[in-house]
Ligand code: NAD
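Residue numbers (my numbering): 477 to 728.
Given below as structure tokens:
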């Protein structure tokens with residue numbers, strides 16, 4: 477039964493894995509057997525050390541995912557490193573906070589370019605390669621509670637993450653006939669750099685934890701089971717779906 481979750485001989489690309497949820501998911505995929513290609517703007521020193529300590533094969537590509545040229549660079553280097561690709565985790569993402577009345581075009585474009593445009597075009601580059609290989613593939617996009625809810629003071633983030641859920645469904649429809657499953661994970665409130673501002677605000681932090689049925693912030697380890705499931709044969713008939721990993725937040 478557990479063979480269905482085995483990722484031996486699979487190659488996984490994970491964008492933005494120097495820290496946070498990306499690091500947790502890259503390690504989980506490696507522990508399940510995958511070789512991992514990380515995509516980062518800075519050297520992912522800690523992730524590399526953890527991969528080496530675990531005896532996992534890891535190749536880092538230095539690239540800014542908000543730039544279109546990064547798609548070809550990532551695919552070329554991934555193939556040079558491991559010869560093929562099987563799994564893509566579109567994790568890299570940013571957030572900008574400001575009142576909507578004052579929100580700038582730059583804060584809109586920066587977030588949309590990375591959080592949704594790069595997700596689409598990176599998926600396109602990956603799918604072209606998988607179709608050329610004639611193999612199957614798994615794409616996992618990282619959505620958010622703000623794929624379901626409005627949020628406040630994060631207009632471009634809400635727009636981008638709502639877009640991620642829609643694009644996930646659309647790509648699943650188009651690429652299912654090619655054996656490519658496209659799903660998403662919507663993390664709840666997780667303790668990473670992305671939520672430092674929220675956790676530093678004691679009042680807001682208490683409000684958030686008080687509303688989470690599990691009664692705590694999520695951790696990057698909490699992504700391990702769901703990412704391995706969606707990257708593996710265990711989820712082969714799951715397609716176009718966004719799984720919330722939120723300690724019950726959406727059920728409330
Ligand atoms: P994080 O800030 O620790 O991680 C973001 C990652 O993206 C980092 O590795 C960062 O280096 C990388 N990155 C940023 N800009 C990049 C660029 N231009 N090119 C390449 N890489 C880039 O935060 P996180 O919480 O680990 O976020 C990971 C993903 O999870 C993001 O998509 C985020 O929106 C999403 N998410 C986080 C939470 C949360 O509560 N932390 C909740 C829902 C969704």
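Where is the CB? At the ideal position from N, CA and C, for every residue including glycine.
Residue nearest to residue 541 within the set 593, 479, 628 and 501 is 593 (criterion: CA-CA distance). Set against 7 Å, the gap from the CB of residue 624 to the closest heavy atom of the ligand NAD is not smaller. In terms of side-chain proximity, the C-beta atom of residue 542 is found nearer than 7 Å to a non-hydrogen atom of the ligand NAD. The ligand NAD approaches residue 497 closely enough that one of its heavy atoms is under 7 Å from the residue's Cβ. If one requires a minimum length of 3 residues, the beta strand (DSSP E) runs lying completely within the segment 536-611 are 563-566, in chain order. Residue 666 has its Cβ nearer than 7 Å to a heavy atom of the ligand NAD. In the DSSP annotation of this structure, the continuous segment of the alpha helix (DSSP H) that includes residue 649 starts and ends at 631-651. The beta carbon of residue 569 sits closer than 7 Å to at least one heavy atom of the ligand NAD. Contact annotation: residue 614 and residue 595 have beta-carbon atoms that are not nearer than 8 Å.
The alpha carbon of residue 488 has as its nearest neighbour, out of 574, 519, 548 and 616, the alpha carbon of 616. The beta carbon of residue 715 sits closer than 6 Å to those of 648, 652 and 657, all from its chain and outside the five residues before and after it, given in chain order.
Within the DSSP secondary-structure output, residue 666 pairs in a beta bridge with 694.
At least one heavy atom of the ligand NAD falls within 7 Å of the beta-carbon of residue 669.
In the pairwise beta carbon analysis, the segment 678-693 is classified as not touching the segment 513-521: fewer than three pairs are separated by under 8 Å. Look at residue 514 here: in three-state DSSP terms it is strand.
Bridge pairing for residue 489: 513 and 564 [DSSP]. The count of Cβ pairs closer than 8 Å, one atom from the segment 492-503 and one from the segment 542-550, stays below three, leaving the stretches out of contact.
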